[in-house]
Amino acid sequence: MTSGWHGRGAATTLCLSVALTACGPPPNVPAIPQDGPIMLRLVPPEGQVSRYAYSVESSAESPMMPSTGPVMTMRFQVTQTVLSVDDEIVRVRGTVDSTDVSMAMPMPGMGDLPDFSGSVLATEMDTRGRMLGVIESEGLPDLPDEAGMSLETMFGGSDYFVLPEEAVSPGDTWTIDAPVSLPMGPGEMSMSMEFNYTFISLEGSLATLSFEGPIDMSVEMEGMGMSGSGTMTGTTVVDLAEGRYRSQTTEMTLDMSVAGMTMKTGTTTTLELLPDP
């Protein structure tokens with residue numbers, strides 16, 4: 005059964021893309037107003053380097069597989085280098101320095117998890133954090149044949165955390181649609197996501213934002229249909245003076261249905277900026 009790769013692989017890669025495309029501090033940062041609307045943007049200088057610790061912990065429970073704790077844990081250390089900034093387009097290279105992966109038990113359809121160590125991915129995004137595409141990759145592991153997609157395609161299709169278009173103040177809320185459509189060999193996976201964002205607070209240069217919203221997922225491949233629904237919630241801290249993410253925590257839960265069977269899955273991801281060595 006390939007549903008394990010379709011759901012968990014997509015979720016893991018959507019979250020990992022945040023770690024591989026975070027940005028560094030901008031030069032000549034203007035004073036940050038504390039008592040009025042402000043534009044939340046990521047405008048890094050060329051050559052800025054940031055190091056992040058990133059983790060993914062997944063759980064699954066079904067009538068045939070009672071939950072006894074995490075079924076998969078992945079930890080990464082990632083280094084990002086800003087290549088260029090031009091007309092609100094930011095180009096960033098992310099390198100996975102180390103990977104630590106553990107599985108509590110074999111998962112149907114998962115096979116061996118790929119080793120991301122040494123992988124390099126260069127992407128374009130705008131200053132709101134919207135992914136525009138992959139411009140270069142090196143050393144990315146191949147997904148199993150049954151996955152029916154490439155990691156470049158999955159990274160390029162991720163776009164679920166975006167800064168607001170207009171200036172905002174603490175307490176303001178807004179909504180962003182973040183649909184995802186990925187080719188999967190002879191089929192396709194689609195995810196419909198609509199997130200409600202809240203600008204929680206601004207303390208000095210640190211802006212804290214939260215988001216939450218429903219997820220609807222469907223897979224059609226060679227006559228096999230799979231569907232899922234659930235929620236994603238998260239909190240992000242952005243340093244406006246440095247123009248980069250300080251931390252992020254995301255929790256996603258999905259009730260999956262395939263071939264008359266149901267399975268509840270959960271994925272928690274964390275991203276934390278590491279101090280300079």
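Residues in the sequence shown are numbered consecutively from 5, following the numbering used here.
From the three backbone atoms N, C-alpha and C, an ideal C-beta is built for every residue, glycine too.
Since we're looking at a predicted model, the values are computed, not measured.
Per DSSP, reduced to three states, the secondary structure at GLY137 is strand.
Per DSSP, LEU44 is not a residue of any beta strand (DSSP E), being assigned neither H nor E. Rounded to the nearest whole angstrom, the C-alpha separation of VAL124 and LEU275 is 18 Å. Your pair PRO174 and TYR201 does not check out as a contact, with CB atoms roughly 12 Å apart and the cut at 8 Å. GLY270 and LEU258 have their C-alpha atoms roughly 6 Å apart. For GLY133, the CB contacts under 7 Å within the same chain, skipping 5 residues up- and downstream, are LEU46, PHE165, VAL166 and LEU167 in chain order. Within its own chain, the residues whose Cβ lies closer than 6 Å to the Cβ of THR99, once the five positions on either side in sequence are excluded, are THR83 and VAL124, listed in chain order. Bridge partners of PRO174 according to DSSP: none are assigned.
Along the segment 213-254, the beta strand (DSSP E) occurs as fully enclosed runs of 3 or more residues at 228-243, listed in sequence order.
Note: GLY264 is not bridge-paired with any residue in the DSSP secondary-structure output. DSSP places GLU61 in the uninterrupted beta strand (DSSP E) bounded by 53-65. The Cβ atoms of MET267 and SER66 sit closer than 8 Å to each other. The C-alpha of SER121 lies about 39 Å from the C-alpha of ALA171. The beta carbon of THR235 sits closer than 8 Å to the beta carbons of GLU216, GLY217, PRO218, ILE219, MET256 and THR257 from its chain, once the five residues preceding and following it are set aside; these are given in chain order. Residue burial is scored here from C-beta neighbours: ALA182 has at least 16 other C-beta atoms within 10 angstroms and is therefore classed as buried. With contacts defined as CB atoms closer than 8 Å, SER196 and GLY232 fail to qualify as a contacting pair.
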